[in-house]
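So the structure is just underneath, and the comments pick up after that.
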Amino acid sequence: MADNRKGFRSTAGSLVLAAVERIMGIIDIPLRGLQKVAGRTGMAAFFLLPNMAVFTIFVLIPFVINFVYSMTGGAQIFLDQRRYVGLDQYRQIFSCTDYLDPNSCIQDGFWIAAGNTAWFVVIQVALMILVSLITAIILNREIVGRSFWRAVFFFPVLLSPVVVGLIWRWILDRQGLLNFILYEAFGSEPFNWLTDRTTAFAATIGVSVWAHMGFYTLILLAGLQAIPKDLYEAAQMDGTSRSRVFRRITLPLLMPNLVVVLVLALIRAVQVFDEVFVLTHGGPGTSTMYLIQYIYETGFASELRNPGLAAAASILMGAVLVVLTLMQMAASRRKEKKGER
Amino acid sequence: MGRITLEKVTKSFGAVKVLHGIDLDIRDGEFIVFVGPSGCGKSTLLRQIAGLDKPTSGDIHIDGKHVNDVPAADRGLAMVFQSYALYPHMSVRQNLAFGLENARMPKAEIESRIAEAARMLEIGEYLDRRPGQLSGGQRQRVAIGRAIVRNPTAFLLDEPLSNLDAELRISMRAELSALHKRLETTMIYVTHDQIEAMTLANRIVVLRKGQIEQVGTPLELYNTPANRFVAGFIGAPSMNFLSGSIAAIGREGTTVTVLGEETLTVPRPADDGMVQQAIAVGVRPQHIRLAGPDQPGISAKVDLVEGLGSETVIHARASTGEPLLAVLAGQHALSSGEDIRLTFDAKDLHLFDEAGLRL
Numbered sequence: 001m002a003d004n005r006k007g008f009r010s011t012a013g014s015l016v017l018a019a020v021e022r023i024m025g026i027i028d029i030p031l032r033g034l035q036k037v038a039g040r041t042g043m044a045a046f047f048l049l050p051n052m053a054v055f056t057i058f059v060l061i062p063f064v065i066n067f068v069y070s071m072t073g074g075a076q077i078f079l080d081q082r083r084y085v086g087l088d089q090y091r092q093i094f095s096c097t098d099y100l101d102p103n104s105c106i107q108d109g110f111w112i113a114a115g116n117t118a119w120f121v122v123i124q125v126a127l128m129i130l131v132s133l134i135t136a137i138i139l140n141r142e143i144v145g146r147s148f149w150r151a152v153f154f155f156p157v158l159l160s161p162v163v164v165g166l167i168w169r170w171i172l173d174r175q176g177l178l179n180f181i182l183y184e185a186f187g188s189e190p191f192n193w194l195t196d197r198t199t200a201f202a203a204t205i206g207v208s209v210w211a212h213m214g215f216y217t218l219i220l221l222a223g224l225q226a227i228p229k230d231l232y233e234a235a236q237m238d239g240t241s242r243s244r245v246f247r248r249i250t251l252p253l254l255m256p257n258l259v260v261v262l263v264l265a266l267i268r269a270v271q272v273f274d275e276v277f278v279l280t281h282g283g284p285g286t287s288t289m290y291l292i293q294y295i296y297e298t299g300f301a302s303e304l305r306n307p308g309l310a311a312a313a314s315i316l317m318g319a320v321l322v323v324l325t326l327m328q329m330a331a332s333r334r335k336e337k338k339g340e341r
Numbered sequence: 001m002g003r004i005t006l007e008k009v010t011k012s013f014g015a016v017k018v019l020h021g022i023d024l025d026i027r028d029g030e031f032i033v034f035v036g037p038s039g040c041g042k043s044t045l046l047r048q049i050a051g052l053d054k055p056t057s058g059d060i061h062i063d064g065k066h067v068n069d070v071p072a073a074d075r076g077l078a079m080v081f082q083s084y085a086l087y088p089h090m091s092v093r094q095n096l097a098f099g100l101e102n103a104r105m106p107k108a109e110i111e112s113r114i115a116e117a118a119r120m121l122e123i124g125e126y127l128d129r130r131p132g133q134l135s136g137g138q139r140q141r142v143a144i145g146r147a148i149v150r151n152p153t154a155f156l157l158d159e160p161l162s163n164l165d166a167e168l169r170i171s172m173r174a175e176l177s178a179l180h181k182r183l184e185t186t187m188i189y190v191t192h193d194q195i196e197a198m199t200l201a202n203r204i205v206v207l208r209k210g211q212i213e214q215v216g217t218p219l220e221l222y223n224t225p226a227n228r229f230v231a232g233f234i235g236a237p238s239m240n241f242l243s244g245s246i247a248a249i250g251r252e253g254t255t256v257t258v259l260g261e262e263t264l265t266v267p268r269p270a271d272d273g274m275v276q277q278a279i280a281v282g283v284r285p286q287h288i289r290l291a292g293p294d295q296p297g298i299s300a301k302v303d304l305v306e307g308l309g310s311e312t313v314i315h316a317r318a319s320t321g322e323p324l325l326a327v328l329a330g331q332h333a334l335s336s337g338e339d340i341r342l343t344f345d346a347k348d349l350h351l352f353d354e355a356g357l358r359l
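Protein sequences appear in the order of chains C and B.
Going by my numbering, the first residue of the first sequence is number 1, and it counts up by one from there.
Going by my numbering, the first residue of the second sequence is number 1, and it counts up by one from there.
Shown next as structure tokens:
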């Protein structure tokens with residue numbers, strides 16, 4: 001019986017193999033012809049074509065269109081209905097009497113959003129690195145249920161940003177979970193966390209740290225685990241204090257990972273939008289309005305929509321992201337070099 | 001001073017007992033080698049002495065001081081790790097200085113110690129390089145240098161040569177031996193390589209399954225192994241063990257029959273009650289020679305011949321099917337499948353009872 005089954009399997013296997021060979025043989029004919037015409041290098045380009053096509057359609061062409069839009073004015077959507085204005089949109093953005101005072105700019109919304117984003121980036125990234133580092137260090141220790149805790153800290157990364165925003169809105173709303181707990185525990189009056197400028201800004205930072213720290217923790221945890229245990233034992237034999245071990249051994253050896261985390265966190269923080277939009281809609285007022293929200297609202301949502309201005313703002317933001325990406329690439333290269341040594 | 005005493009030291013990891021009551025007295029200035037197969041507990045024992053792990057029970061004394069609860073850094077010991085454990089982001093100089101800076105030693109003193117170690121180990125020209133820019137041998141010297149600058153009571157070396165290639169290992173072995181002679185400091189060296197143990201040690205501690213099998217000088221272990229395990233572990237290639245029995249016990253010694261073929265009287269007494277008992281007869285491959293036409297001996301069939309020039313290694317099988325390895329001096333024109341007769345002297349035989357203990 002077993003022999004029969006084995007025999008059937010080998011027959012079926014050889015039939016499938018024969019079919020595959022036949023199909024490959026058919027495909028082979030035009031490809032051989034093509035190689036004769038295009039040569040070996042040309043074939044490489046041929047196989048890259050599908051990816052290049054996707055990249056061109058979804059990245060390159062939209063980028064060029066965006067750039068062209070930034071040179072046009074008016075509220076019309078179709079390019080042929082829009083008038084060419086040259087660098088006017090950029091000039092408008094940079095028209096300020098005092099760059100430190102957004103209200104002195106023609107496009108004050110852009111500078112308010114840029115200022116908010118700058119503060120958000122500085123505080124969120126610093127907090128993100130600190131929290132991720134502490135979490136990674138704790139998760140790297142021999143604690144009970146280590147794998148469980150690793151999964152717990154990574155879980156928010158898997159959530160959709162909209163879900164993150166909604167969860168925290170339910171928690172931070174006037175009639176949300178936090179006020180309920182505070183009332184039950186201390187009898188505190190409900191506080192509107194999301195309509196106070198300071199707490200709303202803090203909430204956007206806290207929520208985005210909560211949502212993304214698992215990812216950075218993972219990178220730092222991998223870095224910590226790559227540090228050989230022997231080094232710590234050698235330091236122990238050398239009578240090194242714990243703080244000195246951290247400063248002189250852990251931190252320098254973790255630096256390549258920290259640089260990668262820093263740059264990735266910077267890029268992501270500059271792009272902050274979805275969970276904050278769901279959480280606060282940029283409010284109260286414009287206190288949590290960040291650049292992407294400004295671009296979105298200027299281009300699509302406001303009554304006086306101006307796609308050209310939104311395109312110019314996104315080009316400027318893109319330039320910042322390019323600089324940050326170059327930094328990340330340089331950091332990765334440094335890490336690779338270190339790995340080779 | 002560098003006397004280290006272990007009394008009934010045990011170590012368990014959960015339910016697994018790794019060390020089973022180790023008693024050992026390491027003398028000041030001694031080069032002692034812990035040797036044994038993988039998993040025998042030799043590195044674990046070294047870590048207990050270093051203070052990197054705490055014994056489950058038992059006591060460790062260094063120069064008479066009970067150190068079970070003394071942190072590793074305060075035991076006055078320095079350790080050289082198998083992986084070198086050099087700080088990769090620091091220069092060689094910074095690596096050497098790191099431990100001394102922890103002890104808040106004056107800069108001038110640190111510099112002088114580094115200079116002395118660099119001179120001794122000939123690493124002066126690498127002081128400003130990082131470990132990644134050094135070869136394996138150079139890294140090993142730096143690791144030893146890091147231990148030397150601490151001026152320790154004893155050096156603990158955990159398989160320090162195992163990452164080096166064969167040639168470098170031989171030269172580093174000689175350097176280590178010379179270093180010990182110069183420093184006259186206690187050195188405890190862990191290895192699974194019995195040749196390293198034989199060439200370096202004043203005394204060897206053979207470990208198996210967390211227990212000491214025998215402690216002695218290299219030649220004591222080679223000439224009078226306490227049991228079958230030590231006999232098989234010390235010496236390369238390993239000792240042959242052939243089935244035999246005690247034919248008689250007399251004044252001249254113990255008469256044994258080897259493989260039922262050859263009868264010899266070994267000049268070693270045995271218990272009268274052991275007559276007719278089965279024993280294992282140990283003979284080192286180097287002590288076997290080809291028997292002359294009229295000489296007594298045991299018959300064997302050649303399986304494989306390895307001609308090494310200065311000696312010929314013969315893998316053979318006795319008439320009972322037991323494997324036999326012989327290392328014959330010089331070159332011999334033998335071939336696979338050939339029938340030969342082998343012989344050995346009674347004085348070179350080692351007798352082990354059924355429990356594996358030496359008679």
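Ideal Cβ placement from N, Cα and C applies to all residues, glycine included.
These figures come from a predicted structure and were not determined experimentally.
Proximal residues to S38(B) (C-beta, below 8 Å), its chain only, five neighbours per side dropped
Excluding sequence positions up to five before and after S38(B), its CB lies within less than 8 Å of the CB of H192, all in the same chain and listed in chain order.
Minimum Cβ-Cβ distance from L224(C) to chain B less than 8 Å:
False, the Cβ-Cβ gap to chain B never drops below 8 Å.
Chain B beta carbons: is any one of them nearer than 8 Å to that of I374(C)?
What the structure shows of chain C is the stretch from 1 to 341, and residue 374(C) is not part of that stretch, so it cannot be assessed.
Threshold first: 3 residues or longer. Then list the beta strand (DSSP E) segments lying entirely within the segment 40-107 of chain B, N to C.
Entirely contained in the segment 40-107 of chain B, the beta strand (DSSP E) runs reaching 3 residues are, in chain order, 57-62, 77-80.
Straight-line Cα distance separating L218(C) from A200(C)
Rounded to the nearest angstrom, the two C-alpha atoms are 28 Å apart.
Note down, in chain order, all residues in the segment 95-107 of chain B with a beta-carbon under 8 Å from any beta-carbon belonging to chain C.
Under the 8 Å Cβ criterion, the segment 95-107 of chain B contributes F98, G99, N102, A103.
At what residues does the alpha helix (DSSP H) containing A200(C) begin and finish?
Taken as a continuous stretch (DSSP letters only), the alpha helix (DSSP H) holding A200(C) covers 197-226.
Indicate whether E7(B) and D28(B) have their beta-carbon atoms separated by less than 8 Å.
No; because the gap between Cβ atoms is not below 8 Å, this pair is not in contact.
With which residues is Q211(B) paired in a DSSP beta bridge?
R208(B), per the DSSP bridge assignment.
Are the segment 142-151 of chain B and the segment 90-104 of chain B touching, with three or more C-beta to C-beta distances below 8 Å?
These segments touch.
Using the rule of at least 16 other Cβ atoms within 10 Å of the residue's Cβ for burial, across every protein chain shown, is G339(C) buried or exposed?
Since pLDDT at G339(C) reaches only 49, below the 50 mark, its modelled position is unreliable, and the value read off the structure follows with that caveat. By the 10 Å Cβ count, G339(C) comes out exposed.
Run down chain C in chain order and give the residues with a C-beta less than 9 Å from the C-beta of A270(B).
Per Cβ cutoff of 9 Å: no residues; A270(B) is ~49 Å from chain C at best.
For the segment 21-53 of chain B, enumerate the residues whose C-beta is nearer than 9 Å to any C-beta of chain C, in chain order.
Here the close residues are R47, A50, G51, L52.
From the DSSP output, which residues share a beta bridge with Y99(C)?
For Y99(C), which the question treats as bridged, DSSP gives no partner whatsoever.
Per-residue burial, G282(B) [other beta carbons within 10 Å of its own, 16 or more giving buried]
G282(B) should be labelled buried.
Using a cut-off of 7 Å between C-beta atoms, extract the partners of A331(C) located in chain B.
Per Cβ cutoff of 7 Å: no residues; A331(C) is ~16 Å from chain B at best.
Which chain C residues are close to S83(B), counting only those with a beta carbon under 8 Å from its beta carbon?
Close to S83(B), with beta-carbon spacing below 8 Å, are these residues of chain C in chain order: P228, D230.
When the Cα atoms are used, what is the spatial distance from D196(C) to V125(C)?
Cα atoms of D196(C) and V125(C): separation of roughly 22 Å, rounded to the nearest angstrom.
Any non-hydrogen atom of the ligand NAP closer than 7 Å to I188(B) Cβ:
Ligands in the displayed structure: none, and consequently the ligand NAP is not present.
Do A361(B) and P152(B) have their CB atoms nearer than 8 Å?
This structure does not reach residue 361(B), given that chain B is present from 1 up to 359, and the question cannot be answered.
Name, please, each residue of chain C whose Cβ falls closer than 7 Å to the Cβ of A15(B).
In chain order: nothing, as chain C lies at least about 18 Å away.
Can you tell me which of the three DSSP states H180(B) falls into?
H180(B): helix per DSSP, three-state reduction.
Might you give, ordered along the chain, the residues of its own chain that have their beta carbon closer than 6 Å to the beta carbon of W111(C), omitting 5 neighbours on each side?
The residues are P102, C105.
Per DSSP, what are the beta-bridge partners of V281(B) in this structure?
L242(B), L351(B), per the DSSP bridge assignment.
Using a C-beta cutoff of 8 Å, does G239(C) count as contacting chain B?
Flagged as an interface residue toward chain B: G239(C), by a C-beta distance shorter than 8 Å.
Among R119(B), L334(B), G337(B), D303(B), whose alpha-carbon lies nearest the alpha-carbon of L325(B)?
Among R119(B), L334(B), G337(B), D303(B), the Cα nearest to that of L325(B) belongs to D303(B).
Using three-state DSSP, classify D345(B) as helix, strand or coil.
Correct three-state label for D345(B): coil.
Within 8 Å of any Cβ in chain B, is that where the Cβ of R334(C) sits?
No, R334(C) lies away from the interface with chain B (no Cβ there is under 8 Å from its Cβ).
Per DSSP, which residues does M237(C) bridge with? Please list them.
None, per the DSSP bridge assignment.
Quick check on this structure: which residue in E311(B), S299(B), L308(B), D353(B) has the alpha carbon closest to the alpha carbon of L342(B)?
Measuring from the Cα of L342(B), the nearest candidate turns out to be S299(B).
Separation of G210(B) from E30(B), as counted between CA atoms
The straight-line gap from Cα to Cα measures roughly 22 Å.
Quick check: what's the CA-CA separation for T56(B) versus N68(B)?
Cα to Cα, T56(B) sits roughly 10 Å from N68(B).
Between the CA atoms of A202(C) and V59(C) - distance to the nearest angstrom
Going by C-alpha positions, V59(C) is about 34 Å away from A202(C).
Boundaries (first-last residue) of the alpha helix (DSSP H) holding Q147(B):
The sequence shown places Ala at residue 147(B), not Gln. Where A147(B) is concerned, the enclosing alpha helix (DSSP H) stretches over 136-148.
Can you find a CB in chain C that lies within less than 8 Å of the CB of Y87(B)?
Yes - at least one Cβ of chain C is within 8 Å of the one on Y87(B).
Burial state of A355(B) (16 or more Cβ within 10 Å)
A355(B) should be labelled exposed.
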